[in-house]
Every structure is written in structure tokens, then in C-alpha cells.
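Chemist:
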Amino acid sequence: MFRTSNAGTLRASDIGSKVTLAGWVARRRDHGGVAFIDLRDATGTVQIVLSDEAIAGDLRAEFCVLVTGTVTRRPSGNENPNSPTGEIEIPIDHLEILSEAAPLPFPVDSGERVNVSEEIRLKYRYLDLRREEPARALRLRSKTTKIIREVMSDEKFLEIETPYLTRSTPEGARDFLVPVRLQPGSWYALPQSPQLFKQLLMVAGMERYYQIARCFRDEDFRADRQPEFTQLDIEMSFVDQDDVIKVAERVLQRVFRETIGHEITLPIQRMSYRDAMRRFGSDKPDLRFGLELVDVTNFFKGTSFRVFQAPYVGAVVMPGGADSPRRELDDWQDLAKARGAKGLAYILVHTDGQLGGPVVKNLSERESANIATEVGAKPGDAIFFAAGQEMPSLNLLGAVRLEIGTRKNLIQPGEWKFLWVVDAPMFEKLEDGGWTAVHHPFTGPKPEFEKSFDVDPENALAYAYDIVLNGNEIGGGSIRIHKSDIQSRVFKVIGLTKEEAESKFGFLLDAFRYGPPPHGGIALGLDRLCALLAGAESIREVIAFPKTASGGDPLTGAPTAITVAQRRESGVDFKPEGKK
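With the first letter of the sequence shown counted as 1, position 404 gets the number 1319 in this note's numbering; the numbers rise by one all the way through.
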């Protein structure tokens, strides 16, 4: 047996036991010829004592060692109440250095604050993960996936793997492509999701499928996105929206209960997409604070102020914002311009009830006298306005609302606010006047829109649902189309000809000729969910070896160029005959 015990599991009940431990030197303190060392392994740390300087030698941080000694009680007054092993220590009889450590690029000892760039941490990720906080995040992730598998087993789901090497299909983002050496000019695509395969599994009669699936999307780089990510993928036959939602809720309830001890009250609140946008300016509203938007379009009907002569005028109140310095008010203009708006109109309601700000001089007497009451502003508040087309204005006010919540500390720490957003639009208009599916082209219409969605696509609602937590979308799904006539009509709305549909999705459409069942599903983003559970600032904190915001891997140097020989062998430069 290499070792008899784990460092972090020893307690006062082990006093008198002879133990052999293995781990890393976390900290070393020398006092009067005696070396006190915190020995760390995956379970925690314990203090070992080396009285022989010859044995202690040049032992430094992160040396990997094997030690043997007898567990004793620490001298009175030397206990550490902040450590689970703080009552004991282990005088060492034997020490073996298993491997030495080079000088460290940053402190690994979890007791020291690490003030180093993320890129350096990721370059030495194997050292970073020895630290308590990053290691804890990965353990939480492991526990989360264990719970998920237990719940899905209890719910009689089958865990089924789907291919990573598949064909390129239009799913919204670009595919990562893999050349096929034995078929020059042919390419696999890494899946953006298991969407089509899980629907085929429903045709196959599997009925209840799940997978903790890796997905790949060649998207433009964003601050908190990864080109490869993980989702809990679920599909079910003979279900409606409520059936899928109930399964997802039971998964979330167990995960939160067993990881962080939070009890989710079921059923989770639901809100229509339209209400979410109208009240909060977002399809993923953060409900940890109120501060709803106010529609003042009718209030300003007939106004002489040209800016407010718009299809939509909305407002949001900033509590205590009237005393904002000019520099801060200018910052709000920058926020609006960064989102494509010309600016952000505002009114300051001073403590004496008088109105201030550049908008006031353009208001009528009636408008000035009643605007504060109309939007619910109190003396000392500021009112921000957006005017123009409805959706861009709502999106701007939603961003302003979130910024107000942050700046004014309206968000209570430790709160968990879940929400289902349902009844989203089925289609979205393109700049060229055509239509595209908001989710994907296999999302079904709500039953009441089955006959009209292709006649009036602008008002058709999808049989879809998104789960939101504290303003983060952590999952989404839909009831799928299983009737070929409805699928053909959807393709027609989005401008996909019969030939194009056959070329891109022929294998699925062919399967749907053989009695496909009504089915639906959902995917929950595991990275995002674990980041929220861990209180991490980024999903990178809960991924073992993540990419940076620019898509690079500082540890391995990926992505890298390939050799001329690799290019030739893989057929990357293959050109069909007759083409140059």
C-alpha cells in the first residue's frame, strides 16, 4: 500500500495511529531547528513536524513527498480552529522526496492571494488546480454531473452517446471542420449540438434519452464563451412542454439541494417572452431586483418633443440618481452609444420636486407636472428614457436596468431567482425581408399557431421554453415538429426549397417517413450552471483546461500551424478536378 491515509481526513480520533501520507509541501515554517510543514493532497492539509534538519533539508513548496509518522495532539494553544485537522500534527519518522519542484511562477499555497494574470494561471493550469478554490470548482462540477446521472437514472432515461464526427448542418454558428484523409475534399464537422441525432433516437423508439454532451461552435470570440462546451442534453417522446419542464426542474432541484444546500420551490415561475421584454427589457431577466420598465408611449402621444415622437417610448427609474455627477451621466451616454443608440435621455427629479436635465425644456407643462408620477419616480431619483422602434428601445432600457441594479447595489447576494421564459416568437425577420427560425427549424409552433404560422409568421409563437437563473440563460428547449407537412411549411417560411432541405437534412426527413413520435427536449448548459453554483466570475473557472477569451490555449499553445506534410496528407488543399 503506497499510503495508509489521506491528509485531509485525519482527526483527533486518529491520535496514536501510525500513518503514511503522500502529497505536496503547501507551506513550510521553521522555528528553532524544527520545520512545520503543511502537507496537502486532494482531501486537504495536515501539519507534519520535522525535528531533524538533515531530513528537512532543502524541502521547498510543491515538492512531492512520502512521509510516515504517528498522529499526535498539538500542544495546547497551538490548535488551528480554522482547519479540520487543526487539533493534530504528525511528527515524521521517515520522509522520502518523490519529486522536486522548480521555482514557482506564482504562489500555489491557497493561503496566499494569487495576484497573477489569467493567462499565466492557464499556462500553468496544472499548478493553478492545486490551489483550493480552482480545485473546489472542479470537484463541484464532478458532483453536479454525478447528481445529474442519478436523477436521470431515477427518471428512467438512457444515457446514449452520439457521434462527434458528423456532417455539417446549418445550426446557427459555424462548424469546426475535420478533413478526411482517405477522401480528399470531404470533411467531417464537429457537432454544434446532438440535436438531429437525439431526434433520430426518438424515431428509433428510445423515448427517454440524455447525454452529457460536448458541443463545438466556431463563433466569434466573446469574453465568456468557449469554442467547446458541455451541455446536459435531454430528449423525450410522447410529451408536451409541461412534461419536459418538470423533468428539468427535478434535475435542477436535486443539483442545488445536494451541492449548495439551496431548496428550489417548484414549480418555477413562468413568464411569456413578451412580458419579459415589456417589463424588464430582456428575454433573460434578472429577478433578484424589481425596477420594471414603464411604457410611456401613450403619455407622450402628441408631444412636441421630436425625440419622443416615436413608435415606442419607455422609461426606467434610477433610485437616488438625481445627485449623479455630470461625469457619471456622461457614462450613461457611452453605455447607450455602445449599444447602437444615439444617446440616453434623462430627467433628474431633485429633492425639492423640481425637474432637471436637458430634456425638461422640451416638455409641456402637463408632461413636466406628471412625468414623475407616471413612472413612479420619487424626489432624488433619475429617469432614463429610450425612444424609437420598440425592440431596440426595450433592449437598451434592459441594459440600463441591469447597470442600475449593479451600481445601486439592488441585487441581493446569495439569492437564486429562476424563471421559465415561454411563448417566444417562432420566426425573426431578416434584413432582406425574409425570415429565419429563432431557435432552429425543427422547433414546432404552439398548437394554436399550427394553421397560421406560415400565413402570419410575424405573430407566430414557438412551442419553446428557456430557463433563466439570475439573468443568465442556463438552458432551453422546445417541442419538435414530427409532422412532415408542418416541417415543409416551416422550410418554406425560412426560404429553404425542397431540394435544399433534402440536401441538408435528408437523413432526418427520411427517418420521419417512418412513424416519428411527438417529442421534445431541452439542453442545460453545464459550464454556466456550474459557474453559478461555484460563484465563479467566468465559466473558465469550472473547466479543467479552458481556452482564453481569444480562443487560445496558453498551456499547449493551441491553435498551431500544421506542417506541409500534414496539409498534404490530410487533403486540406485538395481542389476538385477542373478547378484552380
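All C-beta atoms in this analysis are idealised placements derived from N, C-alpha and C, irrespective of residue type, glycine included. From a predicted model like this one, the values you see are computed outputs, not experimental measurements.
(1) Just checking my contact of L1134 with A1088 at CB under 8 Å: how many whole Å lie between their CB atoms?
(2) S1485 and P1094 - do their beta-carbons sit closer together than 8 Å?
(3) L925: buried (16+ other C-beta within 10 angstroms of its C-beta) or exposed?
(4) Using a threshold of 8 Å, state whether the C-beta atoms of Q1141 and I1458 are closer than that.
(5) Would you list the one or two residues that DSSP bridges to K933?
(6) Can you give me the C-alpha to C-alpha distance between R1064 and V1118, rounded to a whole angstrom?
(7) Alpha carbon to alpha carbon, what distance is there between G1467 and T1475?
(8) Within 10 angstroms of its Cβ, does D953 collect 16 or more other Cβ (buried), or is it exposed?
(9) Am I right that L1055 and T1174 are in contact with their C-beta atoms under 8 Å? What's the rounded C-beta distance?
(10) Roughly how far, in whole angstroms, is the beta-carbon of F951 from the beta-carbon of Q962, given that I think they are within contact range, below 8 Å?
(11) Going along the chain, which residues of its own chain have a beta-carbon closer than 8 Å to the beta-carbon of D1267, five neighbours each way excluded?
(12) K1344 bridges to which residues according to DSSP?
(13) Could you give the residue range of the beta strand (DSSP E) that holds D1148?
(14) Comparing C-alpha positions only, which one of L1111, L1097, F1072, M916 sits nearest to D1425?
(15) Between L1447, S928, A1230, S1219, which lies nearest to V1211 when the distance is taken from Cα to Cα?
(16) What residue from L1092, Q1126, I1012 has the CA that sits closest to T1077's CA?
(17) Is D1139 closer than 8 Å to S1453 when the C-beta atoms are compared?
(18) Locate the alpha helix (DSSP H) running through G1320, then write down its first and last residues.
(19) By the three-class DSSP mapping on this structure, what secondary structure does I1286 have?
(20) In whole angstroms, what is the alpha-carbon distance linking V1228 and P1273?
(21) Could you check where the alpha helix (DSSP H) with A1426 kicks off and where it finishes?
(22) From T1084 to G1120, what distance separates their C-alpha atoms?
(23) Quick check: the Cα distance between K1495 and S1101, rounded to an integer number of angstroms?
(24) Out of curiosity, what's the CA-to-CA distance linking K1344 and M1151?
(25) Between V1159, G1001, G1320, which has its C-alpha nearest F1204's C-alpha?
(26) What are the partner residues of D1381, as DSSP defines its beta bridges?
(27) Taking the continuous alpha helix (DSSP H) assigned at F1131, which residues delimit it?
(28) Sort out for me which residues DSSP pairs P1099 with in a bridge.
(29) So, using beta-carbon positions, are F1342 and A1352 closer together than 8 Å?
(30) Go ahead and pull the three-state DSSP assignment for Q1248.
(31) What are the start and end residues of each continuous alpha helix (DSSP H) run of 4 or more residues lying completely inside the stretch 1046 to 1083, in chain order?
(32) Tell me whether the stretch 1232 to 1242 and the stretch 1304 to 1314 touch, counting them as touching only if at least three CB pairs, one residue from each stretch, are closer than 8 Å.
(33) So what does P1006 bridge to, in DSSP terms?
(34) Return the residue from the list I1062, V934, V964, R1040 that minimises the CA-CA distance to R942.
(35) In its own chain, which residues sit with a C-beta less than 7 Å from the C-beta of R1045, not counting the 5 before and 5 after it?
(36) Cβ of E1492 within 7 Å of any heavy atom in the ligand SAM?
Modeler: This is what the structure gives:
(1) Here residue 1134 is taken as the residue at index 219 of the sequence shown, counted from 1. Here residue 1088 is taken as the residue at index 173 of the sequence shown, counted from 1. Looking at the sequence itself, residue 1134 is Glu, so the reference to Leu does not match. Indeed, because the Cβ distance is near 5 Å, the residues count as touching under 8 Å.
(2) Taking the first residue of the sequence shown as position 1, residue 1094 is located at position 179. Taking the first residue of the sequence shown as position 1, residue 1485 is located at position 570. Going by C-beta atoms, P1094 is nearer than 8 Å to S1485.
(3) Here residue 925 refers to the residue found at position 10 when the sequence shown is read from its first residue. So L925 ends up on the buried side.
(4) Within the sequence shown, residue 1141 is the residue found at index 226, counting from 1. Within the sequence shown, residue 1458 is the residue found at index 543, counting from 1. Their beta carbons are under 8 Å apart, which means Q1141 touches I1458 by this criterion.
(5) Within the sequence shown, numbered from 1, the residue matching residue 933 stands at position 18. K933 is bridged to T985.
(6) In the sequence shown, counting from the first residue as 1, residue 1064 sits at position 149. In the sequence shown, counting from the first residue as 1, residue 1118 sits at position 203. Looking at the two C-alpha atoms, the distance is approximately 23 Å.
(7) Translated into positions along the sequence shown, residue 1475 becomes position 560. Translated into positions along the sequence shown, residue 1467 becomes position 552. Approximately 9 Å, taken between the alpha carbons.
(8) By one-based count along the sequence shown, residue 953 stands at place 38. By the neighbour-count rule (16 or more Cβ atoms within 10 Å), D953 is buried.
(9) Taking the sequence shown and counting its residues from 1, one reaches residue 1055 at position 140. Taking the sequence shown and counting its residues from 1, one reaches residue 1174 at position 259. Right, the Cβ-Cβ distance comes to about 6 Å (below 8 Å), so this counts as a contact.
(10) As a position in the sequence shown, residue 951 is number 36, starting the count at 1. As a position in the sequence shown, residue 962 is number 47, starting the count at 1. The beta carbons of F951 and Q962 sit about 6 Å from each other, so the pair counts as a contact at 8 Å.
(11) Your numbering for residue 1267 matches position 352 in the sequence shown. Only P1294 meet the Cβ criterion.
(12) As a working mapping, residue 1344 is identified with position 429 in the sequence shown. K1344 is bridged to W1350.
(13) Here residue 1148 refers to the residue found at position 233 of the sequence shown. Counted as a single uninterrupted DSSP element, the beta strand (DSSP E) harbouring D1148 occupies residues 1143 to 1152.
(14) The count along the sequence shown starts at 1 and reaches residue 1425 at position 510. Of L1111, L1097, F1072, M916, the residue nearest in Cα terms is L1111.
(15) As a working mapping, residue 1211 is identified with position 296 in the sequence shown. For V1211, the nearest C-alpha among the options comes from A1230.
(16) Counted from its first residue, the sequence shown places residue 1077 at position 162. Cα-wise, what sits closest to T1077 is Q1126.
(17) On the sequence shown, residue 1453 is found 538 positions in, with the first residue counted as 1. On the sequence shown, residue 1139 is found 224 positions in, with the first residue counted as 1. In contact: S1453 and D1139 (Cβ atoms closer than 8 Å).
(18) Counting from 1 along the sequence shown, the entry for residue 1320 is found at position 405. G1320 -> alpha helix (DSSP H) spans 1305 to 1322.
(19) By one-based count along the sequence shown, residue 1286 stands at place 371. I1286 falls in the helix class under three-state DSSP.
(20) Within the sequence shown, numbered from 1, the residue matching residue 1228 stands at position 313. Within the sequence shown, numbered from 1, the residue matching residue 1273 stands at position 358. V1228 and P1273: Cα-Cα distance of roughly 17 Å.
(21) If you number the sequence shown from 1, residue 1426 lands on position 511. First-last of the alpha helix (DSSP H) with A1426: 1413 to 1426.
(22) Counting from 1 along the sequence shown, the entry for residue 1084 is found at position 169. Counting from 1 along the sequence shown, the entry for residue 1120 is found at position 205. C-alpha separation (whole angstroms): 24 Å.
(23) As a first step, residue 1495 must be located in the sequence shown, where it is residue number 580. As a first step, residue 1101 must be located in the sequence shown, where it is residue number 186. Residue placement at K1495 is flagged as unreliable, the pLDDT there being 49, under the threshold of 50; the coordinate-derived value follows with that caveat. If I take the Cα positions, the gap works out to 17 Å.
(24) By 1-based counting over the sequence shown, the position of residue 1344 is 429. By 1-based counting over the sequence shown, the position of residue 1151 is 236. Their Cα atoms are separated by approximately 30 Å.
(25) On the sequence shown, residue 1204 is found 289 positions in, with the first residue counted as 1. Comparing Cα-Cα distances from F1204 to each of V1159, G1001, G1320, the minimum goes to G1320.
(26) The sequence position of residue 1381 within the sequence shown is 466, counting from 1. DSSP lists V1336, G1391 as partners of D1381.
(27) Within the sequence shown, the letter at position 216 stands for residue 1131. Run containing F1131: none in the alpha helix (DSSP H); it sits in the beta strand (DSSP E), 1123 to 1131.
(28) Here residue 1099 refers to the residue found at position 184 when the sequence shown is read from its first residue. In DSSP, P1099 forms no bridge with anything.
(29) Residue numbering aside, residue 1342 sits at position 427 when the sequence shown is read from its first letter. Residue numbering aside, residue 1352 sits at position 437 when the sequence shown is read from its first letter. Result yes, Cβ atoms of F1342 and A1352 sit closer than 8 Å.
(30) Start at 1 with the first residue of the sequence shown, and residue 1248 comes out as number 333. The answer is helix: DSSP assigns Q1248 an H, G or I state.
(31) 1047 to 1069
(32) no
(33) Here residue 1006 refers to the residue found at position 91 when the sequence shown is read from its first residue. Beta-bridge pairing links P1006 to V964.
(34) As a working mapping, residue 942 is identified with position 27 in the sequence shown. Among I1062, V934, V964, R1040, the Cα nearest to that of R942 is on V964.
(35) Here residue 1045 is taken as the residue at index 130 of the sequence shown, counted from 1. Hits under 7 Å: W939, V1023.
(36) Annotation note on the ligand SAM: not contained in the displayed structure, which lists no ligands.
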